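Under our numbering, the first residue of the sequence shown is numbered 46, with each subsequent residue one higher. Glycine included, C-beta positions come from ideal geometry on N, C-alpha and C. If you're wondering where the values come from, they're calculated on a predicted model, not measured in any experiment. Notes for the one structure printed next.
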Amino acid sequence: GNDFGGEAIETLLAEMENKLSLMKDETSEYKKRLSAQKHKLFLDSLTQVYNRAALDERLELEFKRWQRYDHPLCLAIVDIDHFKSINDNYGHMAGDKALKVIARALQKSLRDTDFIARFGGEEFVLLLPNVDSKDLQAPLEKLRETIKTIPFKFKDNRVSISVSIGATAFKEGDQPLDAFERADQSLYDA
Numbered sequence: 046g047n048d049f050g051g052e053a054i055e056t057l058l059a060e061m062e063n064k065l066s067l068m069k070d071e072t073s074e075y076k077k078r079l080s081a082q083k084h085k086l087f088l089d090s091l092t093q094v095y096n097r098a099a100l101d102e103r104l105e106l107e108f109k110r111w112q113r114y115d116h117p118l119c120l121a122i123v124d125i126d127h128f129k130s131i132n133d134n135y136g137h138m139a140g141d142k143a144l145k146v147i148a149r150a151l152q153k154s155l156r157d158t159d160f161i162a163r164f165g166g167e168e169f170v171l172l173l174p175n176v177d178s179k180d181l182q183a184p185l186e187k188l189r190e191t192i193k194t195i196p197f198k199f200k201d202n203r204v205s206i207s208v209s210i211g212a213t214a215f216k217e218g219d220q221p222l223d224a225f226e227r228a229d230q231s232l233y234d235a
């Protein structure tokens with residue numbers, strides 16, 4: 046007769062269960078690693094704030110939220126003044142140090158819900174959800190003052206570094222690029 050009894054099937058099932066749970070563990074381990082990698086890919090290695098790839102993704106998200114819920118959303122571009130002359134006069138290490146310190150100052154001044162990314166050389170982009178445009182000036186002014194008072198020393202010279210900020214609120218009919226261009230224009234005027 047057939048001696049492929051219940052026990053053999055039980056064993057087979059148990060083995061399959063084991064294999065499955067191992068695969069599950071591997072998958073979740075892999076996912077963890079992937080998200081760590083992905084996180085790395087989204088960070089600017091010098092300043093440890095987000096990079097442009099992260100900005101693109103977050104901007105799309107905040108933009109959709111803004112469209113859906115009509116919460117105010119502001120975008121600001123922060124530009125380090127005369128950055129080239131810092132690099133020229135004191136070397137790239139000095140420029141790097143300035144970027145790091147300013148990135149940290151930005152992070153400290155912002156709320157948890159704000160988003161900050163390094164956008165190219167000496168520019169940072171801030172996304173400020175739930176800030177009305179009329180309430181935008183004060184925190185940005187404070188930010189500028191804060192950065193101005195940071196004591197920088199390069200080659201025994203005290204150097205004061207200032208930033209210019211251009212900001213705008215998203216308005217009816219905007220695409221992300223429209224807000225960007227407005228902020229850029231107001232930065233240029235600043």
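Counting along the chain, Glu168 sits inside the beta strand (DSSP E) bounded by residues Glu168 to Pro174. For Leu118, the enclosing beta strand (DSSP E) starts and ends at Leu118 to Ile125. The C-beta of Ala183 has fewer than 16 other C-beta atoms within 10 Å across all chains shown, which makes the residue exposed.
Contact check between the stretch 63-77 and the stretch 121-135: fewer than three CB pairs, one atom from each, fall below 8 Å, which does not count as touching. For Val208, the enclosing beta strand (DSSP E) has its first and last residue at Val208 to Ala214.
Beta bridge pairing from DSSP links Asn202 with Phe199.
In this structure the stretch 110-129 touches the stretch 174-193; the number of beta carbon pairs closer than 8 Å is three or more.
In this structure, the straight-line span from the alpha carbon of Gly211 to that of Ala81 is close to 33 Å.
Here the alpha carbons of Ile195 and Phe169 stand approximately 17 Å from one another. Taking the Cα of Arg97 as reference, the smallest distance to any Cα among Ile161, Gln220, Phe199 and Arg203 is reached at Ile161. For Phe160, the three-state secondary structure derived from DSSP is strand.
Contact annotation: Thr191 and Ser154 have beta-carbon atoms nearer than 9 Å. Judged by DSSP in its simplified three-state form, Leu185 adopts helix. For Gly51, the enclosing alpha helix (DSSP H) has its first and last residue at Gly51 to Leu86. With a contact defined as Cβ atoms closer than 8 Å, Ile206 and Ala143 qualify at about 6 Å.
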